[in-house]
Amino acid sequence: RSARPPARARTHTHARVCVHVCAAAHGQRPRRDPQPRPPRGRRAHPSAPPETRAASAADAAGMPGTMGPAPTLQVGADKMAVFAAAATFTGAAFGAASAYAASYAAAYAAHSRAIKTARTTDRAAIVERSFPYARAHEVKDFFAKLAPEFAARGFTRDTTIALAALCRDEVSAPLREAIDSVFGDAFNAQCLGGAIMLGKIGMGAFMHHSPTEGGENGRERYAFFAFAHAAVDSRGQMGAIQREGRHACSNACGALIGALGRAKGMKDPFSECPPECVPVDRLNPEFTFLCARLDDAMAQPGAKPAGKMDLSDMTKLSADVSKRDLEELIAETVDTDKSDYCVVTGIHVHNWAPQFGGAEPNLEFVVPTACYSVVRGCRVDHHIY
1158 RSARPPARAR THTHARVCVH VCAAAHGQRP RRDPQPRPPR GRRAHPSAPP
1208 ETRAASAADA AGMPGTMGPA PTLQVGADKM AVFAAAATFT GAAFGAASAY
1258 AASYAAAYAA HSRAIKTART TDRAAIVERS FPYARAHEVK DFFAKLAPEF
1308 AARGFTRDTT IALAALCRDE VSAPLREAID SVFGDAFNAQ CLGGAIMLGK
1358 IGMGAFMHHS PTEGGENGRE RYAFFAFAHA AVDSRGQMGA IQREGRHACS
1408 NACGALIGAL GRAKGMKDPF SECPPECVPV DRLNPEFTFL CARLDDAMAQ
1458 PGAKPAGKMD LSDMTKLSAD VSKRDLEELI AETVDTDKSD YCVVTGIHVH
1508 NWAPQFGGAE PNLEFVVPTA CYSVVRGCRV DHHIY
């Protein structure tokens, strides 16, 4: 034990052996036999003898007479070629893996889109069986196609204010959000059944909120949206909708279902006065107004008798009445010499799953009945396919 060299000498002996082994492995001889010295980068302790401190400083500076920098091993050209080939192979392997991952991701995305398209197409066919008046469009897809059509005519978020005449039902929110996504927050003209009840005063208030182009008295632009709504679940059941948190099956539109039942139960409705003079119930203003407008439409020549109507017929009738009332208000209030406008009307359909929150998704569709813009008095119909 007493003859064993100190730890510091053992460390340097081990270092010399390692250098010789490495040099022999590469067919070379080390430049010099390293001498015991403090580890590189460290200063000798101040209490060490002066010659030790001087040697440490010389080592750190790489001065002659010291070991200096670590020996540089020269690698032969053949070994460099091997390293280069290995690097090339590794890069190629990583490149191939990346390309495979990218192609797999693209294939998966395409497959997902195909499934979504097929599902949407199938569900749209269910909606179109109940409303065969026009093609059913998924809400987001419809507005993605509509926005550039209107933008080309000057109707954008910065230049236009929107009016949303929808039913008050909370399930109408997806359609309102789609309108807001294109034109910003819309003026609220909601009413039961989607009836147009704001009148000329309400229209005036709406138009006074519009952006003006080019200054205080600049040109104004309006976007009018009027939609009745109904539910057709994924199995094709008309009027059925499963609402969140409600155990029993619900329905939509409840106001139109009520109006249909009332119409079928009437024998001689409002025989004492014409429908437009029906008094509005103070505690039921929107529903009595809706019924009066629908009664007026059913009284027109060629209208389908109430006894032969179903919920689909009543929903279509409500959408037609809202369109007619909106266009009458526009004709009374909008000055086409000073403003432009666009109109979108139709039916908002909730194609939801029979079980809320299940694996089957809830989809939203629109069945448009009119889509056009009027710029400087010139009307252009937009056909969204």
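Going by this note's numbering, the first residue of the sequence shown is number 1158, and it counts up by one from there.
Note that the Cβ used here is the ideal one computed from N, Cα and C, for glycine as well.
This structure is a prediction, so every number in the text was calculated from the model and none was measured.
- Here V1532 has R1310 and D1497 as same chain residues with Cβ atoms under 6 Å from its own Cβ, once five neighbours each way along the sequence are excluded.
- Sixteen is the threshold: since fewer than 16 other Cβ atoms of the shown chains lie within 10 Å of the Cβ of D1494, the residue is exposed.
- For I1353, the secondary structure class from DSSP, reduced to helix, strand or coil, is coil.
- In terms of Cβ geometry, G1503 and T1472 do not form a close pair [threshold 8 Å].
- In the DSSP annotation of this structure, the continuous segment of the beta strand (DSSP E) that includes I1504 starts and ends at S1496 to N1508.
- Taking 8 Å as the upper bound for CB-CB distance, L1323 and Q1347 are in contact here, some 5 Å apart.
- By the Cβ-count criterion, S1367 is buried, with 16 or more other Cβ atoms from all chains shown falling within 10 Å of its own Cβ.
- L1320 is positioned such that its CB atom lies closer than 8 Å to that of F1381.
- A direct Cα-Cα distance of roughly 32 Å separates E1443 from A1304.
- Ranked by Cα distance from F1344, the options V1328, A1362, G1351 and K1357 are led by A1362.
- Taking the Cα positions, E1295 is about 12 Å away from W1509.
- Of the residues G1415, M1354, S1255 and C1410, the one whose Cα lies closest to the Cα of E1327 is C1410.
- Within its own chain, the residues whose Cβ lies closer than 7 Å to the Cβ of R1286, once the five positions on either side in sequence are excluded, are G1393, listed in chain order.
- Bridge partners of S1530 according to DSSP: C1499 and V1537.
- Counting only the Cα atoms, Y1379 lies some 7 Å from M1364.
- Per DSSP, the unbroken beta strand (DSSP E) holding R1378 starts and ends at E1377 to A1388.
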